[in-house]
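Below: one structure, written as structure tokens.
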Amino acid sequence: MKLTRGRLLEFGFVLFMAIILVTSIIEGEWFDASVAGAGIVSGLIPFILEKTFKTEFDAKMKVAYILFLFASQYLGSIVGLYSNGWWDTFLHVLSGVFLAFLGFDFLTRLDEDIRLEMPKRFVFVYIVVFSMAGAALWEMYEFTSDLVLNTTMQGNGNDDTMVDIVAGSLGGIIAALLVTEIHRKEQHKKRKN
1 MKLTRGRLLE
11 FGFVLFMAII
21 LVTSIIEGEW
31 FDASVAGAGI
41 VSGLIPFILE
51 KTFKTEFDAK
61 MKVAYILFLF
71 ASQYLGSIVG
81 LYSNGWWDTF
91 LHVLSGVFLA
101 FLGFDFLTRL
111 DEDIRLEMPK
121 RFVFVYIVVF
131 SMAGAALWEM
141 YEFTSDLVLN
151 TTMQGNGNDD
161 TMVDIVAGSL
171 GGIIAALLVT
181 EIHRKEQHKK
191 RKN
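Here's what the structure looks like:
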């Protein structure tokens, strides 16, 4: 197993959350302990997926993922930044950007000749729809959690859901503009060669 920077960051985050888990249990802070436990599992997801499917995610994707987990789980839930109304919306914009780049990562795994023949408009729509689908799936998860586990993830109900989906979609649109430009440059480079 190669210890790349991305992998070190993943394991560093898992270790950080494990320390928080232990301290939270000792101090009887059960909410923080549950968030830290979820952080450990979430932090190991890229490693587990890579081992299971014998693939490797882009290092930038892993760094972005771990930074997002740190911002949402540690800063948002444990430190308490979710009490600021804008923090949740900000993270949904970031998740839209992250999902857009995840969609682009999937696209780059296609045969290069096929991928570079795809029109820019198709790539743009694919990335935006990928981000919107991810935002909608997350809101379904929040709804299910509120319904089954009696959590309050959807705070203000429909308003919270729609703001989150719009924010995630906006992040996806912003990233899709960048991804489309990357795709255009790759097409241009191939035509030159």
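Each residue of the sequence shown is one higher than the one before, starting from 1 at the first, in full-length UniProt numbering.
Here a beta-carbon is modelled for each residue, glycine too, at the ideal position from N, C-alpha and C.
Length of the line joining the Cα atoms of residue i and residue j
i: G96; j: A176; result: 10 Å
i: E56; j: G39; result: 21 Å
i: T23; j: Y74; result: 14 Å
i: P119; j: K192; result: 17 Å
i: A167; j: G157; result: 16 Å
i: F31; j: K2; result: 34 Å
Nearest neighbour of residue i, chosen from the options [CA to CA]
i: K162; options: V35, E142, M61 and T180; result: A quick correction: the sequence has Met, not Lys, at residue 162. Ranking V35, E142, M61 and T180 by Cα distance to M162 puts E142 first.
i: L116; options: I182, P46 and I40; result: I182
i: V93; options: E186, S169 and H188; result: S169
i: L107; options: L91, I127, F90 and R121; result: I127
i: V41; options: M17, F31, W30 and T52; result: M17
i: A36; options: I19, R121 and R5; result: I19
CB of residue i within 8 Å of CB of residue j, strictly
i: F101; j: A64; result: yes
i: G134; j: L99; result: yes
i: G155; j: S131; result: no
i: L49; j: A33; result: no
i: E139; j: I165; result: yes
Status (buried if at least 16 other CB within 10 Å, exposed otherwise) for residue i
i: E10; result: buried
i: D88; result: buried
i: V125; result: exposed
i: residue 194; result: An answer regarding residue 194 cannot be provided, because it is not within the stretch 1 to 193 covered by the chain.
i: T152; result: exposed
i: L110; result: exposed
i: V79; result: exposed
i: L91; result: buried
i: S72; result: buried
Beta-carbon proximity list for residue i, same chain, < 6 Å, skipping 5 on both sides
i: D105; result: D58 and M61
i: F13; result: G43 and I66
i: V123; result: T180 and H183
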